[in-house]
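Asks: Following this message is one structure expressed as structure tokens.
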Amino acid sequence: MPSEDKVQIAPANGKLGVLIPGIGAVTTTFIAGVEAVRRGMAVPVGSLTQLATLRLGKRTDNRTPKIKDFVPLASLDDLVFGGWDIYEDSAYEAALNAAVLDRAQIEQFKDSLSAIRPMKAVFDHDYVRRIDGPNVKQAATKMEKAEMLMEDIANFRKQSNASRLVMIWCASTEVFHRPAAVHQTLKDFECGLMKNDPEIAPSQIYAYAALKSGVPFANGAPNLTTDTPALLDLARDRNIPICGKDFKTGQTFMKTLLAPGLKMRMLGLNGWFSTNILGNRDGEVLEDPGSFKSKEESKLGALEHILQPQLYPELYGHFYHAVRINYYPPRGDAKEGWDNIDIFGWLGYPMQIKIDFLCRDSILAAPLVLDLVLFLDLAQRCGMRGIQEWLSFYFKSPMTAPGLYPEHDIFIQLMKLKNTLRWMRGEDLITHLGLEYYD
Ligand SMILES: NC(=O)c1ccc[n+]([C@@H]2O[C@H](COP(=O)([O-])OP(=O)(O)OC[C@H]3O[C@@H](n4cnc5c(N)ncnc54)[C@H](O)[C@@H]3O)[C@@H](O)[C@H]2O)c1
């Protein structure tokens with residue numbers, strides 16, 4: 011039964027503007043897919059917000075509404091899109107260039123995709139080294155660039171007639187950086203923007219502009235971005251939800267499915283070797299060791315946290331874990347990810363598991379973008395602020411409050427997500443205790 015203290019959820023009235031730095035493979039696949047679903051030409055496969063149900067009450071109650079009928083999400087018909095890129099290509103040209111979708115399919119959405127023309131980007135070649143483009147803002151300081159982004163946001167809000175906005179980073183992976191002195195407080199950060207501090211990345215300028223404009227921010231790449239005290243404080247002070255980072259799509263998705271299973275059965279692990287070939291622009295950017303380092307850090311964390319070697323030293327105390335990504339142009343977006351997993355069982359006898367996932371990167375990522383946009387907007391309308399840990403389900407490297415370790419087990423992540431939705435609507439949380447059925 012719904013409890014008394016229900017969360018107040020503002021209605022999803024009007025249009026929801028989706029602002030995206032990076033009009034590349036993921037973004038164009040996402041937008042074209044939303045168009046296809048809106049026109050009744052496709053099923054939104056891979057999207058929890060559109061397809062999944064959740065159980066309410068007891069197993070005998072037979073209450074399993076769709077998530078979208080249970081919480082007030084923005085309708086796909088109300089989404090409007092805008093974004094930035096260093097290239098001048100419209101979303102139509104970028105979709106053709108990314109070649110994720112068939113040309114014939116892209117042509118069907120030519121009009122709406124062509125209407126999305128990227129605004130000039132905030133770009134710094136020191137942060138993304140393998141690409142360069144002409145569509146870049148020029149200004150003397152990073153603060154001026156942030157102000158230009160805020161102007162873009164305000165103009166988009168007006169022109170699109172959006173009542174609410176969400177920003178989601180789908181641009182290239184920036185090189186690995188740790189938080190520096192300039193990231194410690196908002197004052198330091200703003201001072202750094204004015205002084206062009208080299209430790210401030212373009213993604214942080216976008217995030218700052220979004221938060222200052224009251225816009226929730228999600229990070230789909232492994233860059234540091236909002237994982238800094240200054241931007242976390244800004245999100246909390248302004249009551250804005252944020253989440254990240256790095257979409258959990260292919261290999262890490264498989265890893266977080268399998269590793270909890272091995273641990274549940276108390277099977278040991280000697281080594282997990284993961285390698286990928288990838289031929290899209292993302293793959294090209296990840297050839298740069300700095301960008302790869304961001305990705306590697308994000309991909310390596312999952313196993314350590316799921317297997318908890320400190321608690322199970324005899325099973326997981328010494329496993330070898332490596333992740334490789336190689337740029338291999340012939341494959342384009344159709345990535346192939348191999349995993350070789352050396353496990354051991356009863357009396358230490360070794361066994362092996364091999365995974366060969368012939369996946370499509372952007373096809374896996376697009377529904378995650380949709381869900382994150384809709385859930386972040388929901389969180390905003392619920393008055394939730396700061397890190398949205400319940401959205402960890404979608405990320406390789408989930409953000410958490412300082413001092414908390416991230417939850418990587420995808421089954422726990424899903425339970426947390428669904429329980430958060432139940433909590434929003436004042437429904438009982440599901441614990442799976444179930445003793446009452448046997449009373
Ligand atoms: N597809 C997946 O499965 C997946 C999974 C996890 C994370 N990601 C991340 O999502 C991001 C997008 O992936 P993609 O395949 O679409 O890449 P992509 O290279 O096709 O698109 C990224 C776009 O960002 C643009 N860009 C770079 N820096 C920018 C800036 N400062 N401002 C605005 N635009 C900028 C590039 O010009 C490019 O068009 C990457 O960071 C990738 O690592 C993707």
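Numbers given in the working numbering equal positions in the sequence shown, counted from 1, plus 10.
Note that the Cβ used here is the ideal one computed from N, Cα and C, for glycine as well.
Since the structure is predicted, the reported quantities are computational estimates derived from the model, not experimental observations.
Give the DSSP-derived three-state secondary structure of LYS258 in the structure shown.
Replies: Translated into the one-based positions of the sequence shown, residue 258 becomes position 248. Coil at LYS258, not helix or strand.
Asks: Is it the case that the CB of PHE257 approaches a heavy atom of ligand 1 more closely than 6 Å?
Replies: Here residue 257 refers to the residue found at position 247 of the sequence shown. The answer is yes for PHE257.
Asks: Go ahead and pull the three-state DSSP assignment for ARG391.
Replies: Residue numbering aside, residue 391 sits at position 381 when the sequence shown is read from its first letter. Reduced to three states, the DSSP call for ARG391 is helix.
Asks: Can you tell me whether DSSP reads SER173 as helix, strand or coil?
Replies: If you number the sequence shown from 1, residue 173 lands on position 163. In this structure, SER173 counts as strand in the three-state DSSP scheme.
Asks: Among the residues of its own chain, which have a CB less than 6 Å from the CB of LEU325, if the five just before and after it don't count?
Replies: One-based indexing of the sequence shown puts residue 325 at position 315. Closer than 6 Å at the Cβ level, and outside the excluded window around LEU325, lie GLY278.
Asks: Can you give the Cα-Cα distance for CYS392 and LEU268, rounded to whole angstroms?
Replies: Numbered from its first residue, the sequence shown carries residue 392 at position 382. Numbered from its first residue, the sequence shown carries residue 268 at position 258. When rounded, the distance between both Cα atoms is 34 Å.
Asks: Can you say whether LYS16 is buried or exposed, counting buried as having 16 or more other CB atoms within 10 angstroms of its CB?
Replies: As a working note, residue 16 is residue 6 in the sequence shown. Exposed, by the Cβ-count rule.
Asks: Name the one or two DSSP bridge partners that TYR330 has.
Replies: The residue you call residue 330 lines up with position 320 of the sequence shown. TYR330 pairs with GLY281.
Asks: Just curious, the beta strand (DSSP E) that MET361 is in, first and last residue?
Replies: Locating residue 361 in the sequence shown gives position 351, counting from the first residue. Note, MET361: beta strand (DSSP E), 360-368.
Asks: Between the beta-carbon of ASP366 and the beta-carbon of THR59, is there less than 7 Å?
Replies: For the purposes of this step, residue 366 is identified with residue 356 of the sequence shown, where counting begins at 1. For the purposes of this step, residue 59 is identified with residue 49 of the sequence shown, where counting begins at 1. No, the pair does not count as a contact, with Cβ atoms beyond the cut-off.
Asks: Specify whether the region 298-314 and the region 329-337 touch according to this definition: at least 3 beta carbon pairs, one from each stretch, less than 8 Å apart.
Replies: yes
Asks: Should CYS180 be listed as close to ligand 1, given that the test is whether its C-beta is under 6 Å from any heavy atom?
Replies: Locating residue 180 in the sequence shown gives position 170, where the first residue counts as 1. Yes, Cβ of CYS180 sits closer than 6 Å to a heavy atom of ligand 1.
Asks: If we call anything under 7 Å between Cβ atoms a contact, is VAL36 one with CYS253?
Replies: Here the question's residue 36 lines up with position 26 in the sequence shown. Here the question's residue 253 lines up with position 243 in the sequence shown. In this structure, CYS253 does not lie closer than 7 Å to VAL36 by Cβ.
Asks: In its own chain, which residues sit with a C-beta less than 7 Å from the C-beta of VAL383, not counting the 5 before and 5 after it?
Replies: As a position in the sequence shown, residue 383 is number 373, starting the count at 1. Cβ neighbours of VAL383 beyond the five flanking positions: VAL28, VAL176, ILE178.
Asks: Which residues mark the beginning and the end of the beta strand (DSSP E) in which LYS452 is found?
Replies: Residue 452 is absent from the model: the chain starts at 11 and stops at 449.
Asks: Whole angstroms is fine: what's the gap from ASP438's alpha carbon to ALA228's?
Replies: Walking along the sequence shown from the start, residue 438 turns up at place 428. Walking along the sequence shown from the start, residue 228 turns up at place 218. Using only the alpha carbons, I get a separation of about 28 Å.
Asks: Using a Cβ distance threshold of 8 Å, determine whether the region 160-168 contacts the region 134-146, with at least three qualifying pairs required.
Replies: By the C-beta criterion, the region 160-168 is judged not to be in contact with the region 134-146, since fewer than 3 inter-stretch pairs fall below 8 Å.
Asks: Since ASN290 and GLY347 are thought to touch, with beta carbons under 8 Å apart, how far apart are those beta carbons, to the nearest angstrom?
Replies: Numbered from 1 along the sequence shown, position 280 holds the residue referred to as residue 290. Numbered from 1 along the sequence shown, position 337 holds the residue referred to as residue 347. Here ASN290 is actually not in contact with GLY347; their C-beta atoms are around 14 Å apart, not less than 8 Å.
Asks: Could you tell me which uninterrupted alpha helix (DSSP H) segments, each at least 4 residues in length, are contained entirely in the region 22-85, listed from first to last along the chain?
Replies: 35-48, 58-61, 77-80
Asks: When the distance is taken between beta carbons, is LYS152 closer than 7 Å to ASN233?
Replies: Here residue 233 refers to the residue found at position 223 of the sequence shown. Here residue 152 refers to the residue found at position 142 of the sequence shown. No, they are not a contact pair.
Asks: If you follow the alpha helix (DSSP H) that VAL295 is in, where does it begin and where does it stop?
Replies: Sequence index remark: in the sequence shown, residue 295 carries index 285 (1-based). Here the alpha helix (DSSP H) through VAL295 covers 291-295.
Asks: Using a threshold of 7 Å, state whether the C-beta atoms of ARG246 and GLY396 are closer than that.
Replies: Start at 1 with the first residue of the sequence shown, and residue 246 comes out as number 236. Start at 1 with the first residue of the sequence shown, and residue 396 comes out as number 386. Closer than 7 Å, so yes.
Asks: Per DSSP, what are the beta-bridge partners of TRP348 in this structure?
Replies: The residue labelled residue 348 in the question sits at position 338 within the sequence shown. Answer by DSSP bridge pairing, in chain order: THR285, ASP366.
Asks: To the nearest angstrom, how far is the alpha carbon of GLN261 from that of PHE199?
Replies: Here residue 261 refers to the residue found at position 251 when the sequence shown is read from its first residue. Here residue 199 refers to the residue found at position 189 when the sequence shown is read from its first residue. Cα-Cα distance, rounded: 35 Å.
Asks: Please find out if some non-hydrogen atom of ligand 1 comes closer than 6 Å to the beta-carbon of PHE91.
Replies: For the purposes of this step, residue 91 is identified with residue 81 of the sequence shown, where counting begins at 1. Outside the cutoff, so no.
Asks: Could you compute how far the alpha carbon of ALA190 sits from the alpha carbon of GLU209?
Replies: Position 180 of the sequence shown, counted from the first residue, corresponds to residue 190. Position 199 of the sequence shown, counted from the first residue, corresponds to residue 209. Spanning the two alpha carbons is a distance of roughly 7 Å.
Asks: From ASN23 to GLU417, what does the alpha carbon distance come to, in whole angstroms?
Replies: Your numbering for residue 23 matches position 13 in the sequence shown. Your numbering for residue 417 matches position 407 in the sequence shown. Taking the straight line joining both Cα atoms gives about 33 Å.
Asks: With hydrogens ignored, establish whether the beta-carbon of ARG291 is closer than 6 Å to any heavy atom of ligand 1.
Replies: Along the sequence shown, read from residue 1 onward, the residue named residue 291 stands at position 281. Indeed, a heavy atom of ligand 1 lies less than 6 Å from the Cβ.
Asks: Is ILE33 closer than 7 Å to ASP112 when the C-beta atoms are compared?
Replies: Within the sequence shown, residue 112 is the residue found at index 102, counting from 1. Within the sequence shown, residue 33 is the residue found at index 23, counting from 1. In this structure, ILE33 does not lie closer than 7 Å to ASP112 by Cβ.
Asks: Is there contact between the region 155-162 and the region 209-220, where contact requires at least three CB pairs shorter than 8 Å?
Replies: The region 155-162 makes contact with the region 209-220; the number of CB pairs closer than 8 Å reaches 3 or more.
Asks: Evaluate contact between the region 115-132 and the region 141-152, counting only Cβ atoms and requiring at least three cross-stretch pairs below 8 Å.
Replies: yes
Asks: Are the CB atoms of ARG69 and ASP298 nearer to each other than 7 Å?
Replies: Stepping through the sequence shown from its first residue, residue 69 is reached at position 59. Stepping through the sequence shown from its first residue, residue 298 is reached at position 288. Contact: no.
Asks: Report the rounded CA-to-CA distance for GLY281 versus PRO360, giving the unit in angstroms.
Replies: The count along the sequence shown starts at 1 and reaches residue 281 at position 271. The count along the sequence shown starts at 1 and reaches residue 360 at position 350. C-alpha separation (whole angstroms): 11 Å.
Asks: Alpha carbon to alpha carbon, what distance is there between GLY293 and GLN115?
Replies: For the purposes of this step, residue 115 is taken as the residue at position 105 of the sequence shown. For the purposes of this step, residue 293 is taken as the residue at position 283 of the sequence shown. Each residue's Cα considered, the two are about 24 Å apart.
Asks: Please report the distance separating the alpha-carbon of LEU196 from that of GLU161.
Replies: Stepping through the sequence shown from its first residue, residue 196 is reached at position 186. Stepping through the sequence shown from its first residue, residue 161 is reached at position 151. Those two C-alpha atoms are separated by around 20 Å.
Asks: Within the continuous alpha helix (DSSP H) that includes LEU196, where are the two ends?
Replies: For the purposes of this step, residue 196 is identified with residue 186 of the sequence shown, where counting begins at 1. Element bounds for LEU196: 196-204.
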